[in-house]
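In full-length UniProt numbering, the protein residues as written are 1 to 209. Each residue gets a CB set at the ideal place from its N, CA and C atoms; glycine is no exception.
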Ligand code: PRP
Ligand code: URA
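Take a look at the structure:
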């Protein structure tokens, strides 16, 4: 069963409150999502391996540690996942970015894939699938499935807000995938929206509503 990490650092929870607030402007919403993505990247990279190097300080030679050559890949689910990419790249600028385009059919709530462009060496990379919202889990599961079909084996999922239904769906379909979230909310409403949630993440990020 995949583990679920709730990133409950006070800075993340503070910013998430303003992300949820319907009075937050598009500009502030985008900036806050970017900032929370950076803070969550700190948590999600906690287990990346280090290797020893020797450094000559002005005083002596020291044995220090640097991140080893493990290759990361960020996979935002279009379009709302885009809002978290730059925030993560601030901490891991060498990561490559692949895109998977999915939208939820408003009637069936089933994800429909309309785009996929991934790094050529994607199967060798440690991947972080990114989407602010994990509602039914259909989109995240479809994105993870699309990666596994291409031979990817090391996959984590990062979301801002998850519904319990989405967490269970991912754990059931992909027990090898660990999930990092800033909050697990109460439930999904009849339209598949997370309650209390933040509304439509894509619309709020890009000002389309
Ligand atoms: C939203 C969100 C997720 C998906 C979550 O995307 O960004 O991708 O819904 O719902 P699910 O867990 O039930 O699949 P949406 O389909 O609204 O597309 P958008 O990012 O283009 O706005
Ligand atoms: N997608 C969103 O953007 N928000 C939700 O609450 C659920 C799915």
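When the Cα atoms are used, what is the spatial distance from residue 126 to residue 71?
Between the alpha carbons of residue 126 and residue 71 lies a distance of about 6 Å.
Close-in-space but distant-in-sequence residues of the same chain around residue 11 (CB under 7 Å, 5 per side omitted)
By the criterion of a C-beta distance shorter than 7 Å, residue 11 is surrounded in its chain by 39, once the five residues flanking it on both sides are discounted.
Extent of the continuous alpha helix (DSSP H) to which residue 26 belongs:
Run containing residue 26: 26–44, per the alpha helix (DSSP H) assignment.
Using alpha carbons as the reference points, say which of 155, 198, 135 lies closest to residue 144.
Nearest C-alpha to residue 144: 155.
Are the CB atoms of residue 135 and residue 188 nearer to each other than 7 Å?
Cβ distance < 7 Å, so residue 135 and residue 188 count as in contact.
Whole-angstrom distance between residue 58 and residue 4, CA atom to CA atom
Near 43 Å, if we compare the C-alpha coordinates of residue 58 and residue 4.
What's the C-alpha gap between residue 140 and residue 131?
Distance between the alpha carbons of residue 140 and residue 131 is about 8 Å.
Cβ contact (3+ pairs, closer than 8 Å) linking the region 173–191 and the region 110–123:
A contact is defined here as three or more CB-CB pairs under 8 Å, and the region 173–191 fails this definition with respect to the region 110–123.
Kindly indicate which residue of 78, 86, 49, 80 has the alpha-carbon position closest to the one of residue 34.
For the set 78, 86, 49, 80, the Cα lying nearest the Cα of residue 34 is the one of 86.
Whether or not the region 179–188 and the region 160–169 are in contact is what I'm after, with contact meaning three or more pairs of Cβ atoms, one per stretch, closer than 8 Å; do they touch?
In short, these stretches touch, since the Cβ pair count reaches three.
Is residue 197 helix, strand or coil by DSSP?
The three-state reading of DSSP puts residue 197 in coil, since its state is none of H, G, I, E or B.
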